Amino acid sequence: MLKQQGINLFEIAPVFKRQQGEPLRLSYAQERQWFLWQLEPQSSAYHLPRALRLKGRLDRAALQRSFDSLIARHESLRTHLHQDADQVLQVISPEWHVQIAVETADVAQLEALVQAQVAKPFDLQQGPLLRVKLLQLAPDDHVLVLVLHHIVSDGVSMQVMVDELVQLYVAYSQGLDVRLPDLPIQYPDYALWQRSWMEAGEKERQLGYWCERLGGEQPVLELPLDHPRPAVQSYRGARLDVGLDTALVTGLRALAQREGVTLFMLLLASFQTLLYRYSGQSDIRVGVPIANRNRAETERLIGFFVNTQVLKADIDGQMTFSQLLAQVKQRALEAQSHQDLPFEQLVEALQPERSLSHNPLFQVMFNHQTEGRRRRGEQQLPGLGVEALEWDSQSAQFDLSLDTQESPEGIWASLTYATDLFDPATVQRMAGHWQMLLRAVVGRAGNRIAQLGMLVDDEQRRLLQEWNRSAAAFEDVAGVHGLFQAQARQRPDAIALCLDGQTLSYAELNRQANRLAHRLIGQGVGPEVLVGVAVERSFDMVVSLLAVLKAGGAYVPLD
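Take the sequence shown: its letters are residues 386 to 944, numbered as in the numbering used here.
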């Protein structure tokens, strides 16, 4: 009865502890991580790092004791996996002691040493899945490097670990004992409880909504790429920070208030608009991570809780940005009411065409955080200053990700991109277009999406002035095919086309196009006649286009 009324039982029922000796099955999210790790065991794409600069007198004994207490408190930090026949189980070690490796370093080496620590592979079957290293820059200057595998952690978990590590260190470094609040459950308890609730009917309820919203074809977002998509993702990536000035942020906040939406909804709609303008596709699907910690029992746990929703926008260039905002708001609120369905279950139900070259269901991610999720600046402890360090990402789980973070002081943004697909200049240009798009919607959210300005000043000048200089005399009106024929006469043996190691000279291309043109003329092709051309990228495609022009017709490329 409650389920039929739309009341989410997932949020009402208590989380239970597991029975003694019960097999510790993986959560749905962990199962996908296990699958990905088996495909690429050397990949660091799913490593979660944190580097902390520690300035002042460091009490190493207190730091070691703090880690010992953390590991004893959280079963996830003592977990590895074991494959038992056709089933993979979590194994919790009764005790485990992390050895903090210490290495002397200088500032010039710092980034390389941290990245090397992050890139080092984990063995999920052997463990441990936490790695700790202390880089000593000076007697009173250290960098603490923490790396967790995603299968036992997520972004919130990393912050929980740092927060509790700081609390423990503050007490132990002053010779005090500390007792953190008891944890009512552990992550393996949650994994078993989640399965029981999903299998008891919650999966069916939530899956119905997502299948209705996303069912049918599962399109791949076709952004213009600088390089062909490789058959298998390498997860190599880079990050570009994007600045939003104070005036723009003020305008965005005012627009969100006027339209009755959150900054998350506004920024998501702007990103989906950018993707629409770049791809020309009306069905724009973006992955959005959610913390998935809507139970009090899970708030202070370390584990893989984060879930991913696929938010779809149906965009028409003639709709206004305000209309798109209303659509995004409605669908974001609907998704919030159906947020518990594991992404892995959605993939299994929708059965998209599987490919190792891209992520299923969506290829682009949008992640928006508020200030409380991660502190900025230095934190002062007794005798020690602690500051989080950040470097450009060297991995990308998706084709493109937009990360935004809001606080009372402003909005920070960055684009993480797959370097196999995009060049840095392309992403820099894309960032500029997004900024211009934001300025356009702040000024006139009632404008049609197709009319929103995106070009930066230099691009407008090139298009309207430099590329539009028609003062030079141009007497040859023979058309493109006539110009090509002249080139073929001047350089008959020069290479005109090359593809997959094969070449075609101007003379041979001209001969083939002439033969086909005569045949087309015989079929009645001439001025005002449209000729469909349905040919994949090849020599034949160029021959066909030239032949139609030579025959006097107009070609219509067909996909």
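The beta-carbon is built from N, C-alpha and C at its ideal position, and this holds for glycine as well.
None of these values were measured; they are calculated from a predicted model.
Coarse secondary structure for residue i, derived from DSSP in three states
i: residue 677; result: coil
i: residue 485; result: coil
i: residue 879; result: coil
i: residue 669; result: strand
i: residue 907; result: helix
i: residue 446; result: helix
i: residue 802; result: strand
i: residue 763; result: strand
i: residue 739; result: coil
i: residue 884; result: strand
i: residue 621; result: strand
i: residue 403; result: coil
i: residue 690; result: coil
i: residue 655; result: helix
i: residue 744; result: coil
i: residue 509; result: coil
i: residue 451; result: helix
i: residue 936; result: coil
Cβ-based burial, residue i [other Cβ within 10 Å; buried from 16]
i: residue 505; result: exposed
i: residue 744; result: buried
i: residue 578; result: buried
i: residue 866; result: buried
i: residue 587; result: buried
i: residue 436; result: buried
i: residue 513; result: buried
i: residue 424; result: exposed
i: residue 564; result: exposed
i: residue 725; result: buried
i: residue 700; result: buried
i: residue 874; result: exposed
i: residue 635; result: exposed
i: residue 539; result: buried
i: residue 536; result: buried
i: residue 422; result: buried
i: residue 524; result: exposed
i: residue 432; result: buried
i: residue 881; result: buried
i: residue 853; result: exposed
Beta-carbon proximity check, residue i vs residue j, cutoff 7 Å
i: residue 905; j: residue 932; result: yes
i: residue 574; j: residue 402; result: yes
i: residue 533; j: residue 519; result: no
i: residue 689; j: residue 677; result: no
i: residue 769; j: residue 441; result: yes
i: residue 624; j: residue 789; result: no
i: residue 366; j: residue 798; result: Residue 366 lies beyond the residue range present for the chain, which begins at 386 and ends at 944; the question has no answer from this structure.
i: residue 682; j: residue 570; result: yes
i: residue 465; j: residue 594; result: no
i: residue 650; j: residue 717; result: yes
i: residue 515; j: residue 455; result: no
i: residue 669; j: residue 661; result: yes
i: residue 823; j: residue 659; result: no
i: residue 749; j: residue 784; result: yes
i: residue 672; j: residue 695; result: yes
i: residue 794; j: residue 755; result: no
i: residue 612; j: residue 806; result: yes
i: residue 782; j: residue 414; result: no
i: residue 486; j: residue 498; result: no
i: residue 408; j: residue 503; result: no
i: residue 709; j: residue 654; result: yes
i: residue 483; j: residue 452; result: yes
i: residue 447; j: residue 557; result: yes
i: residue 910; j: residue 936; result: yes
i: residue 901; j: residue 924; result: no
Sheet register partners of residue i (DSSP bridge)
i: residue 797; result: 628 and 790
i: residue 440; result: 526 and 770
i: residue 434; result: 532
i: residue 941; result: 917
i: residue 753; result: 789
i: residue 695; result: 672
i: residue 410; result: 474
i: residue 889; result: 882
i: residue 780; result: 621
is_contact[residue i, chain C] using C-beta, thresh 7 Å
i: residue 893; result: Here chain C cannot be found, since the structure has a single protein chain.
Any non-hydrogen atom of the ligand GTP within 6 Å of residue i CB
i: residue 893; result: What this structure holds is no ligand at all, so the ligand GTP is not there to describe.
Those runs of the alpha helix (DSSP H) which lie wholly inside the segment 697 to 724 and span at least 4 residues: Whole alpha helix (DSSP H) segments, 4+ residues: 706 to 721.
Scan the segment 570 to 609 and note each continuous alpha helix (DSSP H) run of 4 residues or more that stays entirely inside, going in chain order. The qualifying runs are 572 to 582 and 588 to 599.
Which runs of the beta strand (DSSP E) spanning at least 3 residues fall entirely within the segment 453 to 478, listed in chain order? For secondary structure counted as the beta strand (DSSP E) over 3 or more consecutive residues, the segment 453 to 478 holds these complete runs in sequence order: 464 to 469 and 472 to 477.
Entirely within the segment 514 to 553 and at least 4 residues each: give me those alpha helix (DSSP H) ranges in chain order. The qualifying runs do not exist here; there are none.
Secondary structure, beta strand (DSSP E): runs of 3+ residues fully inside the segment 805 to 855: As summarised for the segment 805 to 855, there are no continuous beta strand (DSSP E) elements at least 3 residues long confined to that stretch.
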